[in-house]
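Following my numbering, the residues of the sequence shown are numbered contiguously, the last one being 887.
Below is one structure, written out as structure tokens; comments come after it.
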Amino acid sequence: MAVTSETPVLDTLAAMTIDSLERCSMEPSTLVLTRLAALCAMDAPPISYLAHVGPAQEAEVTMDQVQDLLVAIAPVVGTARVMSAAGHIAEALGYAIAVAEAEDSGNM
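Next up, the structure:
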């Protein structure tokens with residue numbers, strides 16, 4: 780029997796991610812950077828990057844590492860995808876910061 784939820788799509792994506800993480804033996808920072816590279820290659824929307832902000836923080840991935848990643852994959856995925864990814868990452872980080880500030884001030 781299917782479990783009902785108010786967020787079935789997000790719940791499914793979260794379950795897929797957890798399952799993937801449990802089956803992968805990569806170091807957490809390598810895993811996050813690999814996923815960010817894949818998102819860039821796919822020209823993923825900001826919400827996809829937002830889903831990786833928490834895991835990136837937990838894995839202690841730095842902005843310098845993300846920048847190095849974008850530099851490293853630019854010759855493969857192209858400048859348009861890298862510039863798009865940089866913008867999407869910035870947008871996702873801005874949203875994450877706004878949410879954290881709202882939570883800190885008790886507005887959520």
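We treat Cβ as the ideally placed atom computed from N, Cα and C, and that holds for glycine.
Cβ distance (whole Å) where Val-840 is taken to contact Val-811 below 8 Å: 5 Å
Candidates Met-842, Val-850 and Glu-801: closest to Ala-869 by CA position: Met-842
Cα-Cα separation between Ala-851 and Val-878, rounded to whole angstroms: 30 Å
Backbone secondary structure at Ala-823 - three-state DSSP: coil
Residue nearest to Ala-794 in terms of C-alpha spacing, selected from Ile-826, Ala-838, Met-805 and Ala-830: Ala-830
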